[in-house]
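K.L.:
Each residue of the sequence shown is one higher than the last, beginning at 4 in our numbering.
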Amino acid sequence: MAIKSIIKACLLSPVVSAAVAKPIHARNASSFAEAQKLADPAYGPIPGESPIYNSYLGVEAPFPGNLRDPVLPTKEGPPATDDIVWQNLLEAEWIIFDFYQKAVESFNASDFIKVGMPNNTYQRIQEIRNNEAGHLRIFQNQISETSIKPGACETQFPYYDPISFLALVTVIEISSMAFLTGLVQQAQLSSSQAAMTAIAEVESRHETWSLIEIWKTNPFGGPSDTVFPYANQILDTTNAFIVPGSCPKLNPEYPSPRQNLPSLSAAKNTTSLLPGSNIGLAFPDPTNQPTFANGTQYYAVFFHGVNNVSIPIDTTCWPKQEIRVTIPAQFDTKGVVIATVADTKGAPTKETIVAGPGIILEQPSALSVKLL
Numbered sequence: 004m005a006i007k008s009i010i011k012a013c014l015l016s017p018v019v020s021a022a023v024a025k026p027i028h029a030r031n032a033s034s035f036a037e038a039q040k041l042a043d044p045a046y047g048p049i050p051g052e053s054p055i056y057n058s059y060l061g062v063e064a065p066f067p068g069n070l071r072d073p074v075l076p077t078k079e080g081p082p083a084t085d086d087i088v089w090q091n092l093l094e095a096e097w098i099i100f101d102f103y104q105k106a107v108e109s110f111n112a113s114d115f116i117k118v119g120m121p122n123n124t125y126q127r128i129q130e131i132r133n134n135e136a137g138h139l140r141i142f143q144n145q146i147s148e149t150s151i152k153p154g155a156c157e158t159q160f161p162y163y164d165p166i167s168f169l170a171l172v173t174v175i176e177i178s179s180m181a182f183l184t185g186l187v188q189q190a191q192l193s194s195s196q197a198a199m200t201a202i203a204e205v206e207s208r209h210e211t212w213s214l215i216e217i218w219k220t221n222p223f224g225g226p227s228d229t230v231f232p233y234a235n236q237i238l239d240t241t242n243a244f245i246v247p248g249s250c251p252k253l254n255p256e257y258p259s260p261r262q263n264l265p266s267l268s269a270a271k272n273t274t275s276l277l278p279g280s281n282i283g284l285a286f287p288d289p290t291n292q293p294t295f296a297n298g299t300q301y302y303a304v305f306f307h308g309v310n311n312v313s314i315p316i317d318t319t320c321w322p323k324q325e326i327r328v329t330i331p332a333q334f335d336t337k338g339v340v341i342a343t344v345a346d347t348k349g350a351p352t353k354e355t356i357v358a359g360p361g362i363i364l365e366q367p368s369a370l371s372v373k374l375l
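1. Label ARG140 either buried or exposed according to how many other C-beta atoms from any shown protein chain fall within 10 Å of its C-beta, with 16 as the threshold for buried.
2. Give the single residue among VAL230, PHE35, ALA155 and ASP239 whose Cα lies nearest to the Cα of ASP101.
3. Between which two residues does the alpha helix (DSSP H) holding SER34 run?
4. Going straight from the alpha carbon of LEU192 to that of THR200, what length do you get?
5. Below 8 Å between beta carbons: does that hold for PRO265 and GLN300?
6. Of all the options ALA342, PRO153 and ASP288, which has the alpha carbon lying nearest to the alpha carbon of PRO251?
7. Is the Cβ of GLU204 closer than 8 Å to any Cβ of chain D?
8. Report all residues from its chain with a CB closer than 6 Å to the CB of PRO322; omit the five preceding and five following residues, and keep chain order.
9. Is the CB-CB distance between VAL305 and ILE330 below 8 Å?
10. Between which two residues does the beta strand (DSSP E) containing SER179 stretch?
11. According to DSSP, is VAL246 part of a helix, a strand, or is it coil?
12. Provide the residue span of the alpha helix (DSSP H) that contains VAL372, from first to last.
13. Report yes if the C-beta distance between ILE166 and VAL107 is below 8 Å; otherwise report no.
14. Assuming THR397 and GLY359 form a contact by the criterion Cβ under 8 Å, report the distance between their Cβ atoms to the nearest whole angstrom.
15. Nearest by alpha-carbon distance to SER194: which of GLU37, GLN324, THR84 and ASP317 is it?
16. Which of the three DSSP states, helix, strand or coil, is assigned to TYR162?
17. Tell me the rounded alpha-carbon separation between SER150 and THR77.
18. With burial defined as no fewer than 16 other Cβ atoms inside 10 Å of the residue's Cβ, what is the status of ARG208: buried or exposed?
19. Should ILE99 and ILE175 be called a contact, given that it needs their Cβ atoms to be closer than 8 Å?
20. For the alpha helix (DSSP H) containing TYR103, list its first residue and its last residue.
21. With distances taken Cα to Cα, identify the nearest neighbour of LEU75 among ALA36, ILE341, ASN272 and GLU52.
22. Contact defined as beta carbons within less than 8 Å: I believe ASN133 pairs with TYR56. What is the distance between those atoms, to the nearest angstrom?
23. With TYR103 and GLU79 assumed to form a contact (beta carbons below 8 Å), what rounded beta-carbon distance in angstroms separates them?
The following block contains the structure:
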């Protein structure tokens, strides 16, 4: 349900993780100088014009994923209108790019074939990796000359075999679609909104491939994907993939602004996350627990499609007594449900949310329970 919970569950496996926390490329003065050339939008292969972002089938990281240092501003002045939004998106994209790049380095075609996946699965992973490299360059170019273009942190991921990797693919791609619906609302320029919409459509294609080819399930997600207005809250969950202390010192805070909310998941004994299921709520991070004020009514707010449904919850005896809630039965079993705990019905502002978000997969729903 929560990305942080997925990480914890996978790390409990006795199998050694395939995606260890090693740098993809070491940083040095030479690499920093080379990265500064990225300030020129015309430098290197251009997304939409170069085959490297589509058909490159090498193991080494494609441009600009091989240039991991921050890019300094080339002019003085205030940030451009949507710079902070694009900086957040670029920092998230470095994590997503590394997720696929490390899989390309960790596995090969036969690894996927041996576990019953289609013969072209590894190639598709390479192609998605290439698309994500193109996203890096697009996002870098969207940040103005007066703002820093964030570099890559070091990352580690909890997949330990091809199946656990592919499970995370589904979660990450559908989470990307959800946070982009929020970032579009943060962007002020119509050109930024259009670019983010175009990127979300690409993530949707990646997710469709996963559902059809990998999980053999119906790819149609209903009349609307889930809209979640507070993108930074989803972005914050990806900090769990970052090796502490590994981010370039020049990088801005990620995400900015950051609420650092308690993570939210379903309890470990959950057997179903389908609509109508009664579940216990868990807050897996022992160092970051919610605080519930006496006399305040709290709600589990479930976002699905373009709407949300609020269910009153009893927090008076927590943590001695588990908080339980029923996922709204009226939801269809399509796409995702995003759950939060809020102090106001409908969670009308980001400040009203006190825990979450948690991602509930409805396609395939069985996968969501297995990842708890």
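Every residue gets a Cβ at the ideal spot worked out from N, C-alpha and C, and that includes glycine. Predicted model only: the values in this text are computed from it and were never measured.
P.N.:
Taking the definition as stated:
1. ARG140 sits buried, since 16 or more C-beta atoms from the chains shown fall within 10 Å of its C-beta.
2. The residue with the shortest Cα to Cα distance from ASP101 is ALA155.
3. Boundaries of the alpha helix (DSSP H) harbouring SER34: 32 to 38, taken from the DSSP string.
4. Straight-line Cα distance between these residues: approximately 13 Å.
5. Contact annotation: PRO265 and GLN300 have beta-carbon atoms that are not nearer than 8 Å.
6. Minimum Cα distance to PRO251 is reached at PRO153.
7. Protein chain content of the structure displayed is limited to a single chain, and chain D is not contained in it.
8. Closer than 6 Å at Cβ, skipping near neighbours: no residue.
9. Here residue 305 turns out to be Phe, not Val, going by the sequence shown. For the 8 Å CB-CB criterion, PHE305 and ILE330 form a contact.
10. In the DSSP assignment, SER179 falls outside any beta strand (DSSP E) and lies within the alpha helix (DSSP H) extending over 165 to 189.
11. In this structure, VAL246 counts as coil in the three-state DSSP scheme.
12. VAL372 -> alpha helix (DSSP H) spans 368 to 373.
13. No.
14. Since the first and last residues shown for the chain are 4 and 375, residue 397 lies out of range.
15. The shortest C-alpha to C-alpha distance from SER194 to any of GLU37, GLN324, THR84 and ASP317 is the one to THR84.
16. Judged by DSSP in its simplified three-state form, TYR162 adopts coil rather than helix or strand.
17. Their backbone Cα atoms lie some 8 Å apart in a straight line.
18. In this structure ARG208 is exposed. Its beta-carbon is surrounded by fewer than 16 other beta-carbon atoms within 10 angstroms.
19. Yes, they are a contact pair.
20. Membership of TYR103 in the alpha helix (DSSP H) is indicated by the continuous run 86 to 109.
21. Looking at the Cα atoms, ALA36 is the closest of the given residues.
22. Taking the Cβ atoms as the reference, ASN133 lies roughly 5 Å from TYR56, within the contact range of under 8 Å.
23. Cβ-Cβ separation between TYR103 and GLU79: approximately 36 Å, too far for a contact (criterion under 8 Å).
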